[in-house]
Structure formats: structure tokens, C-alpha cells
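Undergrad: Chains as they are written, first to last, in the numbering used here: chain A, 50 to 224; chain B, 66 to 202. First, the structure itself, so that you have it in front of you.
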């Protein structure tokens, strides 16, 4: 009996003082190796592919056509403007059509040459998107007194219906 | 005169026994959040910059296509040819019906190639795309 008692006195603890250090080390590893890269970009929806395309006539006042040629020049409805002017030019035209039904809203067609540099196209597309976003923000500000992002879903849908983003990417002509 | 050191009577230690628990909690968070990079990018590219940028909320739906310098196209882990895109992307779309294709295209690429890729995507019914771009400040 006496023997058993003696054994009980021995300390059998694992030292836990360094546990925090170990955990920190692991934590640091994961902190360093984590890549929280959110993918940002310009979202688009492509039209469905159909074999024989129907050609639909669209009236001139409904459509704004942008052409970006291979030198990076921008033509808006046949008139040459600088790429940074696109937003300012399009905004009043989008705004004037807010109260119209969906089939009368402004449609923007972006066309490029086959040799246009991708960056020039993105800059033009960015300007167009910017115009739509600014109109949405202003419209929601006047209607709800808040910016578009801060609205709830129902209100956002209402704004989306009033200012839909309609962009058509025209195929470049084969040269 | 006898000086007596005045000491606070209360215990001044911060209990550190629960520190490992807190650290482990943080550790768990990072372990869950971490996505180890699963693809190696084989093409050389610089993204364009844009202002009107949106974030993709659902990363699980995203599938990438890279187009780098020298018209090299990469899907997944390997370089692909233009006429292979349709079958590869169609298979991906079958697995994930509402797939978003993120196009990471070099800024100097010709639009001709970009359009060709888009045509292939249309044929594969991958209609939601995203032109990847960095934020212009």
C-alpha cells in the first residue's frame, strides 16, 4: 500500500506553457499563406449562340454605337471623341429614357476591330458601365435618398428596372 | 524615516490560460478560409485597369481562362487551343450550370482573339463572363 501512495505524488503533467507559442506559429503560417484575392472585374452576359442570326432593326435614337478602332480612337455615333468623354456623353441620354418602357431604353453597342488592343476596349466598356452606375446612383438618390449599394433588394430591383444595363458587343468585321 | 514601498493589494496579472484557446480559434478561421492556390499560371499577362468594377460574390462558381502574351490560352492547368475551348468549357458547364467565366486577358491582346474566345464560350453556353481587371485609383 505504501508503494502506491508514493507513485501518486509524482507529477505527470504535460507542460502547456508553450502551447500558445505553437499555436501562434501555426497561425502565422496560415496568415502568410492565405490569399484572400477577391476577383474583381467587369461582368457581362453574352447572348446565346444561334446559327442563323436574325437581324433586328433598332431605331437610331434608341441606340448609341461606340466603335473602338485599332488605333484606340473612339467614335460615338460616327463622331470622334476622347475615351474619357464617353461617360459624360452617355449619361444624359440614359437619363432621358428612365421613364420609358423597357423596349425603348437606351441600348449601347460596342464594336471593335480585330486589331484593337484589349485595353482600349476595356477602357471604353468601363466608361459605359460607369455611366450606367452613375445614373443609377443619382436616380436612387433622388428617389430613396440613398446610394444604390445601400438600398435593399426590392428597391435595387426597382432601380434596375428603371435603368437596365443593355450593352451589346458587336462582332468585329472580318478583314 | 522609514520608507515603505507601497504596493497594490490586488493581483495584477492578466490570466493567460485562455490565450491558446483564442489563438486556436483564429487559427481555425484562417485554416477554413485559406484556399491553397491550385493552378499554376503558365501565361504571362498584365490585367487592364478599370473603375466601374464589381466583385464576384460566389467564388465557387468561377472558372478562369487566361490569355497571355503571344496569344497563349490557358484553361485549368494546361495550355489550350482555340478550338478546344468549346468542349472543355461545355464539360465544365455541365458540372456547374451557372458557371461564371472569368477572363484574365493581357492588356495588349488583340480583340480578334478575345472575340473568337467569346464565340467559343457562346457555343459552350457559358454566357456569364467577367473581364478581370484591377481597380484604377
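For each residue, glycine too, the CB sits at the ideal point set by N, CA and C. None of these values were measured; they are calculated from a predicted model.
Do you know offhand how far residue 149/B's Cα is from residue 108/B's?
TA: As a working note, residue 149/B is residue 84 in the second chain. As a working note, residue 108/B is residue 43 in the second chain. Cα to Cα, residue 149/B sits roughly 17 Å from residue 108/B.
Undergrad: Suppose contacts are defined by Cβ-Cβ distances below 7 Å. Is residue 118/A in contact with residue 175/A by that definition?
TA: Residue mapping note: residue 118/A aligns to position 69 of the first chain, counting from 1. Residue mapping note: residue 175/A aligns to position 126 of the first chain, counting from 1. Their beta carbons are not under 7 Å apart, which means residue 118/A does not touch residue 175/A by this criterion.
Undergrad: What residues in the stretch 197-209 of chain A bring their beta carbon closer than 9 Å to a beta carbon of chain B?
TA: Listed in sequence order: no entries.
Undergrad: Do residue 73/A and residue 88/B count as a contact pair if the criterion is CB distance below 7 Å?
TA: For the purposes of this step, residue 88/B is identified with residue 23 of the second chain, where counting begins at 1. For the purposes of this step, residue 73/A is identified with residue 24 of the first chain, where counting begins at 1. For residue 88/B and residue 73/A, yes; Cβs fall inside 7 Å.
Undergrad: Can you tell which of 195/A, 59/A, 140/A and 111/A has the C-alpha that lies nearest to the C-alpha of residue 184/A?
TA: Within the first chain, numbered from 1, the residue matching residue 184/A stands at position 135. For residue 184/A, the nearest C-alpha among the options comes from 140/A.
Undergrad: Within the stretch 136-187 of chain B, note down every full beta strand (DSSP E) run reaching 3 residues or more, in order along the chain.
TA: Those beta strand (DSSP E) runs which fall completely within the stretch 136-187 of chain B and span 3+ residues are 137-140, 143-145 and 165-170.
Undergrad: How many Å lie between residue 221/A and residue 159/A at the Cα?
TA: On the first chain, residue 221/A is found 172 positions in, with the first residue counted as 1. On the first chain, residue 159/A is found 110 positions in, with the first residue counted as 1. Computed Cα separation, rounded: 10 Å.
Undergrad: Which of the residues in the stretch 78-102 of chain B, read from start to end, lie with their CB under 8 Å from any CB of chain A?
TA: Flagged, chain order: 81, 84, 85, 88, 89, 91, 92, 95, 96, 98, 99, 100, 101 and 102.
Undergrad: Are residue 171/A and residue 115/B closer than 7 Å when you measure CB to CB?
TA: Start at 1 with the first residue of the first chain, and residue 171/A comes out as number 122. Start at 1 with the first residue of the second chain, and residue 115/B comes out as number 50. In contact: residue 171/A and residue 115/B (Cβ atoms closer than 7 Å).
Undergrad: Contact defined as beta carbons within less than 8 Å: I believe residue 172/B pairs with residue 112/B. What is the distance between those atoms, to the nearest angstrom?
TA: Locating residue 172/B in the second chain gives position 107, where the first residue counts as 1. Locating residue 112/B in the second chain gives position 47, where the first residue counts as 1. Indeed, because the Cβ distance is near 7 Å, the residues count as touching under 8 Å.
Undergrad: So which residues on chain A does residue 186/B lean against when the C-beta distance must stay under 7 Å?
TA: Mapped onto the second chain, residue 186/B falls at position 121. Within chain A, the residues near residue 186/B are 95.
Undergrad: In angstroms, rounded to a whole number, what distance separates the CA positions of residue 166/A and residue 97/B?
TA: For the purposes of this step, residue 166/A is taken as residue 117 along the first chain, with counting starting at 1. For the purposes of this step, residue 97/B is taken as residue 32 along the second chain, with counting starting at 1. Going from the Cα of residue 166/A to the Cα of residue 97/B covers about 40 Å.
Undergrad: Is residue 197/B close to chain A? Criterion is C-beta to C-beta, closer than 7 Å.
TA: In the second chain, counting from the first residue as 1, residue 197/B sits at position 132. Closer than 7 Å: yes.
Undergrad: Let me check understanding here. Comparing Cα to Cα, which of 128/B, 76/B, 196/B and 170/B lies closest to residue 134/B?
TA: By one-based count along the second chain, residue 134/B stands at place 69. Taking only the C-alpha atoms, the option nearest residue 134/B is 170/B.
Undergrad: Using three-state DSSP, classify residue 112/A as helix, strand or coil.
TA: Here the question's residue 112/A lines up with position 63 in the first chain. Looking at residue 112/A - three-state DSSP - the assignment turns out to be strand.
Undergrad: Taking any Cβ of chain B, which residues in the stretch 56-79 of chain A have a Cβ under 7 Å from it, in chain order?
TA: Residues 68, 69, 72, 73, 75, 76 and 79.
Undergrad: Going along the stretch 153-179 of chain A in order, which residues come within less than 9 Å of chain B, judged by CB to CB distance?
TA: Result list: 161, 162, 163, 164, 165, 166, 167, 168, 169, 170, 171, 172, 174, 175, 176, 177, 178 and 179.
Undergrad: Which residues in chain B have a C-beta closer than 7 Å to the C-beta of residue 220/A? List them in chain order.
TA: Taking the first chain and counting its residues from 1, the one referred to as residue 220/A is at position 171. The contacting residues are 180.
Undergrad: Can you name, in chain order, every residue of its own chain whose Cβ lies under 7 Å from the Cβ of residue 161/B, other than the five neighbours on each side?
TA: On the second chain, position 96 is the one that residue 161/B refers to. Closer than 7 Å at Cβ, skipping near neighbours: 126.
Undergrad: Would you check if the distance between the CB atom of residue 155/B and the CB atom of residue 117/B is smaller than 7 Å?
TA: As a position in the second chain, residue 155/B is number 90, starting the count at 1. As a position in the second chain, residue 117/B is number 52, starting the count at 1. Against a cut-off of 7 Å, the Cβ pair of residue 117/B and residue 155/B comes out as no contact.
Undergrad: State the DSSP-derived secondary structure class of residue 129/A, mapped to helix, strand or coil.
TA: Position 80 of the first chain, counting from 1, holds the residue named residue 129/A. Looking at residue 129/A - three-state DSSP - the assignment turns out to be strand.
Undergrad: Do you know how far the Cα of residue 76/B is from the Cα of residue 70/A?
TA: On the first chain, residue 70/A is found 21 positions in, with the first residue counted as 1. On the second chain, residue 76/B is found 11 positions in, with the first residue counted as 1. Those two C-alpha atoms are separated by around 25 Å.
Undergrad: State the CB to CB distance for the pair residue 164/A and residue 141/B, rounded to an integer number of angstroms; the pair is presumed to be in contact (CB under 8 Å).
TA: Here residue 164/A refers to the residue found at position 115 when the first chain is read from its first residue. Here residue 141/B refers to the residue found at position 76 when the second chain is read from its first residue. 29 Å between Cβ atoms; not a contact.
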